[in-house]
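Those protein sequences? They're chains A and B, same order as listed.
If you use our numbering, the first sequence corresponds to residues 474 to 659, in order.
If you use our numbering, the second sequence corresponds to residues 18 to 63, in order.
Ideal Cβ positions, reconstructed from N, Cα and C, are used throughout, including at glycine.
Since the model is a prediction, treat every value here as computed from it, not as a measurement.
Accompanying notes for the structure given below.
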Amino acid sequence: MNDDTEELDKEESEVFHSATAKLLYIMQRARPDIETVVTFLMKRVSKRNVDDWKKLRKVIGFLKGKIDEKRIIGATSLTEILTFIDSAYAVHANCQSRTGGLSSFEIGAVHARSKSSKINVKSSTESELVSTSEYLPHTLWLRHFMIGHGYEIKDNVVYQDNKSAILMEINGRKSCTRNSRHINIR
Amino acid sequence: MKIIINEDRAVMIDMKESMQKVIEFYEEYDHNVDPDTTTSAAYYLF
Numbered sequence: 474m475n476d477d478t479e480e481l482d483k484e485e486s487e488v489f490h491s492a493t494a495k496l497l498y499i500m501q502r503a504r505p506d507i508e509t510v511v512t513f514l515m516k517r518v519s520k521r522n523v524d525d526w527k528k529l530r531k532v533i534g535f536l537k538g539k540i541d542e543k544r545i546i547g548a549t550s551l552t553e554i555l556t557f558i559d560s561a562y563a564v565h566a567n568c569q570s571r572t573g574g575l576s577s578f579e580i581g582a583v584h585a586r587s588k589s590s591k592i593n594v595k596s597s598t599e600s601e602l603v604s605t606s607e608y609l610p611h612t613l614w615l616r617h618f619m620i621g622h623g624y625e626i627k628d629n630v631v632y633q634d635n636k637s638a639i640l641m642e643i644n645g646r647k648s649c650t651r652n653s654r655h656i657n658i659r
Numbered sequence: 018m019k020i021i022i023n024e025d026r027a028v029m030i031d032m033k034e035s036m037q038k039v040i041e042f043y044e045e046y047d048h049n050v051d052p053d054t055t056t057s058a059a060y061y062l063f
């Protein structure tokens, strides 16, 4: 992010705001693949600059090239929920991490979410841990929703790519080292 | 928005018309849109 670039004029600002809001509407329904960039641009609406305009141009170009792609939501089994969670450590200007997750019944994404982490952390492992904490309520809601509709959930699997975070989630403080002992596992 | 249910009961959500409108709206002000963009986010996004 480059805050040193020139601010947009009034007309461009209105176009930026309007186009971003339209993208948000599309993203929530049919294009979860652009969620990261659209949620970022929504945060820039009040202080948009030329750099943000280029980012908007990029996502518009991406949509133009992939306009025929459709969101598909399906299932091979309604008794198995797969959840994928990941995070990008300290990527925001205020050093917050980016967290994201996706729930699926093996075909497409039933639910996807990408947002900045609510708290600052000291390592990528902690960032993964916080992202799990922030995304898992969505998976739990989905599980209760399916149970409420009469489906017995046999498998509810969370996939992550950080071994230390997985161990901390399973074992709690037993798997914490002196570097991560301070974190309060929520 | 079109919602199509396939033979395998998967649901397909198509918002091509809405996307086309946004692209046309944006291109009224910016003619440098590159449809060969392979990723939605710039690597320096944040």
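Cβ-Cβ distances below 7 Å link E601/A to S560, Q633, N635, A638 in the same chain, with the five nearest sequence neighbours on each side left out; the list follows chain order. Remark: C-beta atoms of T549/A and V631/A do not approach each other more closely than 8 Å. The beta carbons of F578/A and L536/A sit no closer together than 8 Å. Annotation: the region 508-537 of chain A contains the following complete segments of the alpha helix (DSSP H) (minimum length 4 residues), in chain order: 508-516.
Taking a cut-off of 8 Å on C-beta distances, the region 484-502 of chain A touches the region 525-534 of chain A, as three or more cross pairs fall below it.
Listed along the chain, the chain B residues whose CB falls inside 7 Å of the CB of L496/A are V39. The beta-bridge partner set that DSSP reports for A27/B is empty. Fully contained in the region 576-616 of chain A are the following beta strand (DSSP E) runs of length 3 or more, in chain order: 584-589. Collapsing the DSSP output to three states places I540/A in coil. When DSSP states are grouped into helix, strand and coil, A548/A belongs to the strand group. Our two residues, I540/A and H490/A, have alpha carbons roughly 21 Å apart in a direct line. The three-state secondary structure of R504/A, taken from DSSP, is coil. As a beta-bridge residue in DSSP terms, V631/A pairs with T556/A. Only buried fits S576/A, as 16 or more other CB atoms lie within 10 angstroms of its CB. Spatial neighbours of L514/A in its own chain (CB-CB distance under 7 Å, excluding positions within 5 residues in sequence) are listed in chain order as T493, D525, K528, L529. When DSSP states are grouped into helix, strand and coil, I21/B belongs to the strand group.
For N644/A, the uninterrupted alpha helix (DSSP H) segment begins and ends at 636-644.
Counted as a single uninterrupted DSSP element, the alpha helix (DSSP H) harbouring M36/B occupies residues 33-44.
With respect to V50/B, E44/B sits close: the two C-beta atoms are nearer than 8 Å. In summary, Q569/A is buried, with 16 or more beta-carbon neighbours lying within 10 Å of its beta-carbon over all protein chains present. Taking 8 Å as the CB threshold, E485/A lines the interface with chain B.
In the structure shown, the three-state DSSP call for A58/B is coil.
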